[in-house]
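>
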Amino acid sequence: MDRLTTVTQVYDAIQGAKAGASAFCTNFFPAHGKVQGWIDHGELLGELRGRSAFFLRKDRDFWHLYFCASNVAALQREITAFPGLKTERVAVDLVGSEAVLGELLNVVESAGFRRYARLLRLARPNQPGQPQPSADGTEVLCAEKTDCQAIMDLLECSFDRYADQLPMLYEIEAAIAARQVLAIKCEGALAALLFFESQGFTSTVRYWVVAERFRSHRFGSTLMRHYFAAQSAVRRFILWVTADNENAVLKYRHYGYAPDGLMDHVLVNWLVHP
Amino acid sequence: MKSLPEILKEIRPEFDFTASSDFIADGMLDSFDLMTLVATLDKTYGISIQGTDIVPDNFKNLQTIGVLLRQCGVQA
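Residue numbers (the working numbering), protein chains in the order written: chain A, 270 to 543; chain B, 103 to 178.
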């Protein structure tokens with residue numbers, strides 16, 4: 270595969286798969302800024318194989334696989350013969366409504382991937398009577414650049430790197446610069462964080478976590494309430510949560526989130542999960 | 103045939119698309135919505151929007167999407 274150096278190369282490859290497609294299928298939803306970041310950091314490889322475009326994005330010790338194919342049959346033909354699957358750790362996300370994912374799941378599983386996790390997208394409208402900030406005196410700060418490594422460490426020990434799309438250090442730095450990482454510090458340590466992305470009227474909670482030794486202090490609640498209060502102009506709040514993490518799903522439901530019908534099946538190849 | 107505002111309203115019913123000049127910057131369409139919109143426009147109008155045209159500038163507002171549709175041969 271070739272290392273991609275421009276976003277145009279990405280769109281050209283997509284076009285190669287999409288031109289005249291009978292039933293275009295993809296798991297690649299490229300947000301321009303993110304793709305540019307991957308290219309700038311040399312993380313994105315691409316290849317057009319027949320009528321299917323494949324992209325690999327480096328993430329720690331494995332790759333995310335994205336595809337665009339003219340139809341499911343073309344995808345099945347090419348993904349089965351895709352050489353990287355035999356030598357590299359690879360994870361693939363299939364995103365859509367449950368009803369439309371069945372055929373794609375079969376194709377990807379037939380190429381040797383196994384189901385690893387299932388995430389639900391939850392959404393909540395901005396509603397009257399938003400939760401108010403806690404008045405318990407706990408100080409919520411915007412994280413600083415010097416917190417980068419502590420944030421990375423907390424995310425890596427709290428989340429699953431294959432399923433949860435963990436950020437790289439440069440992405441954490443960018444989020445901090447945009448004041449999108451709320452933090453609570455305690456005893457000189459990072460005790461809890463809420464990492465979010467806001468774009469206009471929509472805000473996404475990426476990660477919400479309290480370090481294990483600081484649980485039962487209501488830091489999670491304090492962060493979430495602060496977040497809602499600070500995002501009063503937002504009309505749509507969304508997030509992804511692991512479907513079988515009942516505790517997390519219940520907590521989000523408590524704050525008014527509910528499934529919006531979008532699902533992410535994460536599959537991994539045998540080198541990740543023999 | 104559904105109009106463009108009707109299609110957008112089906113994808114994100116909570117927003118008023120006639121009141122925004124930049125759907126992406128205003129957070130009214132994310133990358134998933136964009137791909138849903140492209141697939142819906144392809145199906146509704148019998149066209150194939152090219153991959154190279156799936157860029158934020160072409161989906162900023164009703165006018166830019168209208169221009170894109172006309173370039174694809176959709177009659178106004």
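No residue lacks a Cβ here, since even glycine has one placed at the ideal position from N, Cα and C.
Computed from a predicted structure; not experimentally measured.
For E408 (chain A), name the three-state secondary structure that DSSP assigns.
The count along the first sequence starts at 1 and reaches residue 408 (chain A) at position 139. It is coil, neither helix nor strand.
> Who pairs with W509 (chain A) in a beta bridge, going by DSSP?
For the purposes of this step, residue 509 (chain A) is taken as residue 240 along the first sequence, with counting starting at 1. Paired residues: A:R390.
> Can a CB atom of chain A be found closer than 9 Å to the CB of S133 (chain B)?
Start at 1 with the first residue of the second sequence, and residue 133 (chain B) comes out as number 31. Chain A, which has a Cβ nearer than 9 Å to the Cβ of S133 (chain B), makes this yes.
> Among the candidates A:S291, A:P352, A:V279, A:A300, whose CA atom is the shortest distance from the CA of A322 (chain A)?
On the first sequence, residue 322 (chain A) is found 53 positions in, with the first residue counted as 1. A322 (chain A) has its Cα closest to that of A:V279, out of A:S291, A:P352, A:V279, A:A300.
> Please tell me whether A460 (chain A) and C411 (chain A) are closer than 9 Å, where the distance is taken between their beta carbons.
In the first sequence, counting from the first residue as 1, residue 460 (chain A) sits at position 191. In the first sequence, counting from the first residue as 1, residue 411 (chain A) sits at position 142. No. Outside cutoff.
> Which partner residues of F323 (chain A) appear in the DSSP bridge assignment?
The residue you call residue 323 (chain A) lines up with position 54 of the first sequence. Its beta-bridge partners are A:E316, A:F336.
> Short of 6 Å in beta carbon distance, which residues of its chain neighbour K327 (chain A), apart from the five on each side in sequence? Order them along the chain.
Numbered from 1 along the first sequence, position 58 holds the residue referred to as residue 327 (chain A). Contacts found: E312.
> Classify L131 (chain B) as helix, strand or coil using the three-state DSSP reduction.
The residue you call residue 131 (chain B) lines up with position 29 of the second sequence. Three-state DSSP puts L131 (chain B) in coil, outside helix and strand.
> Bridge partners for F464 (chain A) per DSSP, in chain order?
Stepping through the first sequence from its first residue, residue 464 (chain A) is reached at position 195. Beta-bridge pairing links F464 (chain A) to A:V450, A:Y476.
> List the residues of chain A whose Cβ lies closer than 8 Å to the Cβ of A127 (chain B), in chain order.
Your numbering for residue 127 (chain B) matches position 25 in the second sequence. Per Cβ cutoff of 8 Å: Q468, G469.
> Identify every residue that forms a DSSP beta bridge with L536 (chain A).
Looking up residue 536 (chain A) in the first sequence gives position 267. According to DSSP, which records beta bridges pairwise, L536 (chain A) is partnered with A:V361, A:R384.
> Residues of chain A with CB under 8 Å from T120 (chain B), in chain order?
Here residue 120 (chain B) refers to the residue found at position 18 of the second sequence. Going along chain A, no residue has its Cβ under 8 Å from T120 (chain B), so there is no contact; the nearest lies around 14 Å.
> So, at 7 Å on beta carbons, what are the nonlocal neighbours of Q396 (chain A) in its own chain, with the 5 sequence-adjacent residues on each side left out?
Position 127 of the first sequence, counting from 1, holds the residue named residue 396 (chain A). Excluding residues within five positions, the ones whose Cβ falls inside 7 Å are G525.
> By how many angstroms is the C-alpha of I441 (chain A) removed from the C-alpha of C417 (chain A)?
Looking up residue 417 (chain A) in the first sequence gives position 148. Looking up residue 441 (chain A) in the first sequence gives position 172. Between C417 (chain A) and I441 (chain A), the C-alpha separation is close to 6 Å.
> Any idea which residues DSSP pairs R272 (chain A) with across the strands?
Start at 1 with the first residue of the first sequence, and residue 272 (chain A) comes out as number 3. DSSP lists A:L314 as partners of R272 (chain A).
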